[in-house]
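Single-structure report; data block below.
Numbering (the numbering used here), first residue to last: 33 to 257.
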């Protein structure tokens with residue numbers, strides 16, 4: 033009897049480890065996706081404005097982010113910078129487009145949701161490789177992690193798509209005078225933050241899909257046993 037129980041335990045452990053490989057890939061993809069989300073949120077290059085008047089914006093290029101605007105200037109220089117002026121957005125300014133404030137909130141939520149997803153996946157993988165054979169508990173944590181990954185990807189997709197739409201339609205922004213920015217650029221293009229955000233969406237969505245596939249993986253492994 034003891035020998036049979038030991039064999040059953042070994043088979044269950046082998047089943048858990050073999051079906052966790054996909055979830056391990058989900059963790060790796062989720063980690064990279066979460067890092068890219070934080071990078072996209074932090075950099076200022078969401079919109080790149082090309083302006084004709086270089087009196088203040090010396091390089092003729094200004095970067096509009098979700099937290100501030102920046103440009104190279106020899107006339108106005110922000111403290112701590114050598115040749116750059118930056119102006120942070122206030123708590124709420126009616127002149128700033130809604131998609132910028134939406135991006136602030138949604139990307140913060142995405143970062144938090146992604147972190148929760150990583151935590152749940154780490155806990156589930158730890159249980160698998162530590163020899164804990166409670167499939168129900170492990171499956172629940174993988175599913176919770178998958179849900180958080182998918183939710184985080186949607187929270188990134190909305191502001192990235194919205195801001196990309198504004199860029200492609202060359203929408204203007206009525207900045208207050210303190211920003212030293214024109215109301216509209218001659219030309220604008222998507223900055224690095226948008227493609228980085230798109231990659232983050234894809235990776236987190238894949239990660240969530242892999243994590244949520246734990247039920248079908250276990251069903252197949254149990255049939256094999």
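Ideal placement from N, C-alpha and C gives every residue a C-beta, glycine not left out.
These numbers were taken from a predicted model, which means no experiment stands behind them.
Residue i and residue j closer than 7 Å at C-beta
{"i": "residue 153", "j": "residue 137", "result": "no"}
{"i": "residue 146", "j": "residue 69", "result": "yes"}
{"i": "residue 82", "j": "residue 218", "result": "yes"}
{"i": "residue 236", "j": "residue 65", "result": "yes"}
{"i": "residue 103", "j": "residue 121", "result": "no"}
{"i": "residue 243", "j": "residue 58", "result": "yes"}
{"i": "residue 98", "j": "residue 135", "result": "yes"}
{"i": "residue 171", "j": "residue 228", "result": "no"}
Rounded Cβ spacing between residue i and residue j (contact assumed at less than 8 Å)
{"i": "residue 310", "j": "residue 188", "result": "Residue 310 lies beyond the residue range present for the chain, which begins at 33 and ends at 257; the question has no answer from this structure."}
{"i": "residue 157", "j": "residue 63", "result": "Incorrect: roughly 12 Å between the Cβ atoms, too far for contact."}
{"i": "residue 126", "j": "residue 225", "result": "About 24 Å separates the two Cβ atoms, so there is no contact after all."}
{"i": "residue 195", "j": "residue 95", "result": "Contact doesn't hold; Cβ gap of about 13 Å is too wide."}
{"i": "residue 221", "j": "residue 192", "result": "At roughly 15 Å, the Cβ-Cβ gap does not stay under 8 Å, so residue 221 and residue 192 are not in contact."}
{"i": "residue 159", "j": "residue 169", "result": "7 Å"}
{"i": "residue 80", "j": "residue 100", "result": "With a Cβ gap of about 14 Å, residue 80 and residue 100 do not count as contacting."}
Boundaries (first-last residue) of the alpha helix (DSSP H) holding residue i
{"i": "residue 64", "result": "53-74"}
{"i": "residue 81", "result": "That residue, residue 81, is in no alpha helix (DSSP H); its beta strand (DSSP E) goes 79-82."}
{"i": "residue 136", "result": "130-161"}
{"i": "residue 207", "result": "Run containing residue 207: none; DSSP gives neither H nor E here."}
{"i": "residue 117", "result": "Residue 117 -> not in any alpha helix (DSSP H); beta strand (DSSP E) instead, spanning 116-120."}
{"i": "residue 184", "result": "167-200"}
{"i": "residue 232", "result": "225-244"}
Nearest residue (CA-CA) to residue i, options the options
{"i": "residue 106", "options": "100, 162 and 86", "result": "86"}
{"i": "residue 109", "options": "243, 95, 89 and 55", "result": "89"}
{"i": "residue 174", "options": "101, 240, 80 and 76", "result": "240"}
{"i": "residue 212", "options": "55, 54 and 92", "result": "92"}
{"i": "residue 214", "options": "55, 56, 54 and 84", "result": "84"}
{"i": "residue 204", "options": "55, 132 and 115", "result": "132"}
{"i": "residue 11", "options": "179, 202, 144 and 155", "result": "Residue 11 lies beyond the stretch modelled for the chain, which goes from 33 to 257, so this question has no answer here."}
{"i": "residue 53", "options": "161, 119, 115 and 144", "result": "161"}
{"i": "residue 190", "options": "233, 202, 55 and 155", "result": "233"}
{"i": "residue 128", "options": "231, 216, 144 and 230", "result": "216"}
Run of the beta strand (DSSP E) containing residue i, from where it starts to where it stops
{"i": "residue 95", "result": "93-96"}
{"i": "residue 260", "result": "The requested residue 260 does not occur in the structure, where the chain is confined to residues 33 to 257."}
{"i": "residue 109", "result": "Note, residue 109: premise wrong, no beta strand (DSSP E); not H, not E."}
{"i": "residue 222", "result": "219-222"}
Taking contact to mean at least 3 C-beta pairs separated by less than 8 Å, is the stretch 181-195 in contact with the stretch 205-216?
no
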